[in-house]
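So the protein sequences, as listed, match chains A, B and C. Everything in the first sequence is counted per our numbering, starting at 1 for the first residue and increasing by one. Everything in the second sequence is counted per our numbering, starting at 1001 for the first residue and increasing by one. Everything in the third sequence is counted per our numbering, starting at 2001 for the first residue and increasing by one. For every residue, glycine included, the Cβ atom is placed at its ideal position computed from N, Cα and C. Just so we're clear, the structure is a prediction, and the values are computed from it rather than from any experiment. Read the structure below first, then the notes.
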Amino acid sequence: MKIVLEHLTKQFISRHNKKEIVTAVNDFDFEIPDGKLIGLLGPSGCGKSTTLNLICGLEEPTSGRIYFDELDVTDLPPENRGVGMVFQNYALYPHLTVRQNIVFPLENLKGEQKLDRETMNNKALEAAKLVQIEELMERKPNEMSGGQQQRVAIARALVKQPGVLLLDEPLSNLDARLRLQTREQIRRIQKETGITTIFVTHDQEEAMSISDMIIVMKSGSLMQMGKPQEVYSKPVNLFVAKFLGTPAINVFDGYVRDHKVYIGDDAVGERNVPDQEVHVAIRPEGFIPDPEGYFCCDFDRIETTGRDTSIVCHNNKCTSDDDIRAIVESDTQINNKDGKIRFRLKDSKVHVFGKTDEKVL
Amino acid sequence: MDKIRELERKSRMRNLGWSLLIFGLLILWSIIVLFPFYWMVLTSVKSYAAYNAEYIPQFFTLSPTLENYIQAFTAVPLARYFLNTVIFTVITTLIMMVVVVLSAFAFSRLEFKGKNLVFTLFLSLMMIPNELVIITNFVTITNAGLRNSFPGLILPSVTSIFYIYLLKENFEQIPDELYKAAKVDGTSDIKYLFKVMIPICRPTIVTVLILKVIECWNAYVWPRLITDDENYFLVSNGIQTIRESGFGRENIPAMMAAVVVISLPLIIIFLIFHKKIMEGVSRGGTKG
Amino acid sequence: MFKKNNLKGWLYLLPALMFIGVFMVYPLIDVLVYSFEEGYNFASQTYKGVGLYNYSYVLHDPYFLQAVKNTFILVIITVPLSTGIALLISLALNSIKKFKDLFQTIFFLPYVTNTLAVGLVFMILFKKTAYSEGLINLLLNSFGIASIDFIEGPYWAKMFVLCFYTIWIVLPFKILILTSALASVNKDYYNVARVDGTSKWRIFYKITLPMISPSLFYLIITGFIGAFKAYSDVVALFGTDLNSAGMNTIVGYVYDMLYGNSGGYPSFASAAALILFAIVMTITLINLLVSKENVHYQ
């Protein structure tokens, strides 16, 4: 099922200051294709969860429409939209067993849809098998690990065979190792069922690794959407560039003179734009140490973590919070003279953004 | 802005019937709760003659008077009851605080032989209702010649196992490291108790204090058993005496004035500390 | 760890041990002894023999039987009713945002009032005197119901006032506990239930109720215990001579046996107190057994 958002806006009056309007979702106008796994990404409080709540119907939009395929669902209550939802803390009913939890949504069905006990149990078992928890059916939620609870919550969301599956920060309550496993599980389950799935996360790595498509948000506004790699390599603005990638992108104060981009006195690239002040952002993997290189920094130290070797240096034009980090091949010869180090830069890893609007040039 | 307001109002309006029902219920119960208070204040400012002349009680009065209050303080020793209750409440609460804090400290911080046994014993005593032990206490105090005296009133009321338990649980939440650090610095136990534990656990201590004050102020059964001399009556006994022998005649406005006077202190304390009191009661209070 | 310092520990406990020893442990043993001492004379502190006579006397005393009957009626009416009303009010409170604090504060007011004092106000509201029918009676009259003397009139009328006042007194505590229990249920449970299309009634019955069942159960147990020990509210309404008003309770009977015009019989008082204790224990045990099936602790 594809999801179409048409000028979707959600505003409400601030709880702290009655005169202030908070715009949680600002004019969302795009289409989420059928059968894909979509990562909705952004810092805390940017309106990701509100977007999810609007799609599932727990909140009403201030304006705009939502369509599932051709059907306008804007005014439908959540139960009639055919969505499954998994909450951050899983919201498993603690007094019910796994089986009872999974069967719960089926028991709500009324009238012609009503199922007999056996069908319900079969459907529950099917969903449990899908998430590989069929041997835990008689346990209570507090007798299971976080990852197992997570999967029960997914099974409960899937048991009614929804057209859309929504996951709110599904991995944030898990420890690092489990997080890796579980995100692969989510990927697998989504591929097996083919259900259009949207998951919310503030962890860019998580979103990048399993999504077919990511949507980056910032304070209620859509920043960019597209395939993860595409968004990473062609960020439309400085925010997206900074938000994606670890270690973070290095940002410098720069300027454009005669179509050449400068950081300090070093020309680092070319842009066919009028002379102006700019932000220059360089990915850590974009640095190539070269004694003849055109970009000069003050050398600090070399750090080796696992397979990565990074050169840590600084430069008075650098505006990132941290020092400059350059990730290089571990066998690279590094020459530094008088505490200086020189680099060549990979052109595709250098991004230039306007000084004030921070948009890509 | 207006559009958002409009939308928010609309979504509220959709549940209008439901809201009306809910607020109706809440307002109804508010009236049931508040009406007796209103009635007692109202009656207390009606003059004796006016009150008795009303076959149909009036819901307000145009000529409020304070004569009933004067009468309440002159015709019966209300001031004496009041003073007794204050003395009883303050001393009982203070002694109890000392006893409770010391034992909670012993249970939570000190290691000694038999600690767990004594604590288990204490816990099992929590189930014993007051009615069971009050009989012997009555005999004990009578035999000790402490009837109609403050020691007789106070002594049996100064321990509460429940508060020891509550405080002990709270004391135990203070990390061990603080105690070890204090010990390394050469702080004595008693100093550690007063300088570290009590300040950290102040919210719980205040809760216990307030609960005990409420309990003391409303004490009725024990004071009634142990006092028959008006000079040692507390407010509850006083009000019961006023009810039964009254002001020589059945003077309801004066009675209500007395009721207002004895209810007021706790109501004032409640209005000031209502957040704290409600929080405290929900953590560990039962009525009676 | 630190060296055990036995003496010091006991020293800190000493005041509590003293008071508890004298005023709790000793009386506990003593009350048992009293209850088996036949013909105990309070003045000379002598007794004739040992046996079950005191129990038999109390169990055959019409005043005691009346008190048991009154207490049971009070318990059976007020415990379920007050818990139910409290649940209703708490649900209402939890569904609003505006004025929630105000209502909560108002509802809690009876908790901090003097039972005896406010009881007097209730008495005046319900009482029918020579010069006035009383406010409640006037209210009844306006519905075309004849006046009733609730304080000195028929038994059921007195019982009605007593139950009403008892509920008024116990409700603040119950509302407080249930409101905070309801507020602590994670909103996500309701959201997920809504997405699943769960009906309001089913949400209440299948989610809310089990989630607050520990608090509810705590209230029912303490409610039973408290109601069985009813006394001051009865005195507030009907005065200290409860036997002649026919409104005595078990606790009232104990005190009457101990003290006052009918007093001086600590043996009978002890026997009655122990019977009360046995009743309360039994009810509490039944409660515990029932709860095993129905209460969900997390």
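Taking CB distances under 8 Å as the criterion, tell me whether residue i reaches chain C.
i: Thr-9 (chain A); result: no
i: Ala-1106 (chain B); result: yes
i: Gly-1288 (chain B); result: Only weak support is given to the placement of Gly-1288 (chain B): the predicted model assigns it a pLDDT of 37, under 50, and the value that follows is read from those uncertain coordinates. True, the Cβ-Cβ gap to chain C drops below 8 Å.
i: Glu-79 (chain A); result: yes
i: Pro-1064 (chain B); result: no
i: Asn-1251 (chain B); result: no
i: Phe-960 (chain B); result: As shown, chain B starts at 1001 and ends at 1288. That puts residue 960 (chain B) outside it, with no answer to give.
i: Glu-1054 (chain B); result: yes
i: Leu-1034 (chain B); result: yes
i: Val-1133 (chain B); result: yes
i: Ile-13 (chain A); result: no
i: Tyr-1220 (chain B); result: yes
i: Phe-1304 (chain B); result: As displayed, chain B neither begins before 1001 nor continues past 1288, which places residue 1304 (chain B) out of reach and without an answer.
I'd like to know whether the C-beta atoms of residue i and residue j end up nearer to each other than 8 Å.
i: Ala-2067 (chain C); j: Ile-2250 (chain C); result: yes
i: Val-2112 (chain C); j: Ile-1214 (chain B); result: yes
i: Arg-1109 (chain B); j: Tyr-1220 (chain B); result: no
i: Cys-297 (chain A); j: His-314 (chain A); result: yes
i: Phe-1138 (chain B); j: Tyr-2259 (chain C); result: yes
i: Met-120 (chain A); j: Leu-130 (chain A); result: no
i: Val-2031 (chain C); j: Ala-2183 (chain C); result: no
i: Thr-1092 (chain B); j: Ile-1141 (chain B); result: no
i: Asp-321 (chain A); j: Asp-300 (chain A); result: no
i: Lys-363 (chain A); j: Glu-31 (chain A); result: For residue 363 (chain A) there is no data in the structure shown, the boundaries of chain A being 1 and 361.
i: His-202 (chain A); j: Gly-42 (chain A); result: yes
i: Ser-211 (chain A); j: Ile-38 (chain A); result: yes
i: Lys-234 (chain A); j: Met-213 (chain A); result: no
i: Lys-48 (chain A); j: Thr-97 (chain A); result: no
Whose C-alpha, out of the options, is nearest the C-alpha of residue i?
i: Leu-1264 (chain B); options: B:Phe-1082, B:Asn-1052 and B:Ile-1205; result: B:Phe-1082
i: Gly-147 (chain A); options: A:Arg-183, A:Asn-122 and A:Leu-115; result: A:Arg-183
i: Lys-2187 (chain C); options: A:Asp-27, A:Lys-48 and A:Phe-87; result: A:Phe-87
i: Asp-253 (chain A); options: A:Thr-246, A:Ile-13, A:Gln-229 and A:Ile-282; result: A:Ile-282
i: Met-1257 (chain B); options: B:Asp-1228, B:Lys-1276 and B:Ala-1075; result: With the sequence shown as reference, residue 1257 (chain B) is identified as Ala, and Met is not the correct amino acid for it. Ranking the options by Cα distance to Ala-1257 (chain B), first place goes to B:Ala-1075.
i: Val-1206 (chain B); options: B:Leu-1078, B:Asn-1251 and B:Gly-1280; result: B:Gly-1280
i: Ile-2212 (chain C); options: C:Val-2033, C:Thr-2083, C:Lys-2008 and C:Ala-2016; result: C:Thr-2083
i: Phe-12 (chain A); options: A:Glu-6, A:Val-22 and A:Thr-309; result: A:Val-22
i: Ile-133 (chain A); options: A:Gln-149, A:Glu-118, A:Asn-142 and A:Ile-341; result: A:Gln-149
i: Gln-100 (chain A); options: C:Met-2159, C:Phe-2064 and C:Lys-2206; result: C:Lys-2206
i: Lys-218 (chain A); options: A:Gly-354, A:Ala-124, A:Asn-80 and A:Cys-46; result: A:Cys-46
Does any residue of chain A bring its CB to less than 8 Å from the CB of residue i?
i: Met-2001 (chain C); result: Here the model assigns Met-2001 (chain C) a pLDDT of 45, short of 50, so the residue's position is not dependable, and the following value carries that caveat. With 8 Å as the cut-off, Met-2001 (chain C) does not count as an interface residue toward chain A.
i: Val-2290 (chain C); result: no
i: His-2060 (chain C); result: no
i: Val-2192 (chain C); result: yes
Check the Cβ of residue i against every Cβ in chain E and list those closer than 7 Å, keeping chain order.
i: Trp-2010 (chain C); result: The displayed structure is made up of protein chains A, B and C, and chain E is not among them.
Looking at the C-beta of residue i, does it have a partner C-beta in chain B at a distance below 8 Å?
i: Val-2079 (chain C); result: no
i: Phe-2143 (chain C); result: no
i: Leu-2109 (chain C); result: yes
i: Asn-2006 (chain C); result: yes
i: Ser-2090 (chain C); result: no
i: Thr-2249 (chain C); result: no
i: Phe-2023 (chain C); result: yes
i: Asp-2030 (chain C); result: yes
Along the segment 2194 to 2214 of chain C, what residues have a CB closer than 9 Å to any CB found in chain A? Answer set for the segment 2194 to 2214 of chain C: Arg-2194, Val-2195, Asp-2196, Gly-2197, Thr-2198, Ser-2199, Arg-2202, Lys-2206, Ile-2207, Pro-2210, Met-2211 and Ser-2213.
Between the segment 262 to 275 of chain A and the segment 232 to 241 of chain A, are three or more C-beta pairs nearer than 8 Å? No: the two stretches stay apart, fewer than three of their Cβ pairs being nearer than 8 Å.
Residues, ordered as in the chain, of the segment 31 to 58 of chain A that lie near chain C by beta-carbon distance below 7 Å: So the list reads Cys-56 and Leu-58, given in the order they occur along the chain.
Does the pairing of the segment 2222 to 2242 of chain C with the segment 2075 to 2083 of chain C give three or more beta-carbon distances under 8 Å? Flag = yes, the segment 2222 to 2242 of chain C and the segment 2075 to 2083 of chain C touch.
Of all the residues that make up the segment 2169 to 2188 of chain C, which are near chain A by a beta-carbon distance shorter than 8 Å? Residues of the segment 2169 to 2188 of chain C that bring their beta carbon within less than 8 Å of a beta carbon in chain A comprise Asn-2186 and Asp-2188, in sequence order.
Three or more C-beta pairs closer than 8 Å, one from the segment 1028 to 1047 of chain B and one from the segment 1056 to 1070 of chain B: is that the case here? With a cut-off of 8 Å, the segment 1056 to 1070 of chain B and the segment 1028 to 1047 of chain B count as touching, because enough Cβ pairs lie within range.
Does the segment 2046 to 2060 of chain C come close enough to the segment 2234 to 2252 of chain C that 3 or more CB-CB pairs lie under 8 Å? Short answer: they don't touch.
Interfacial residues, the segment 82 to 109 of chain A to chain C, with Cβ spacing under 7 Å: Of all residues in the segment 82 to 109 of chain A, the ones placed with a Cβ closer than 7 Å to any Cβ belonging to chain C are Val-83, Met-85, Phe-87, Asn-89, Ala-91, Tyr-93, Pro-94, His-95, Phe-104, Pro-105 and Asn-108, in chain order.
Could you tell me whether the segment 187 to 197 of chain A touches the segment 110 to 118 of chain A, using the rule of 3 or more Cβ pairs below 8 Å? Contact between the segment 187 to 197 of chain A and the segment 110 to 118 of chain A is absent, because fewer than three Cβ pairs lie under 8 Å.
Evaluate contact between the segment 1165 to 1181 of chain B and the segment 2056 to 2066 of chain C, counting only Cβ atoms and requiring at least three cross-stretch pairs below 8 Å. Touching, no.
Between the segment 2143 to 2155 of chain C and the segment 2086 to 2098 of chain C, are three or more C-beta pairs nearer than 8 Å? These segments do not touch.
Would you call the segment 1084 to 1100 of chain B in contact with the segment 1143 to 1161 of chain B, where contact means no fewer than 3 C-beta pairs closer than 8 Å? Short answer: they touch.
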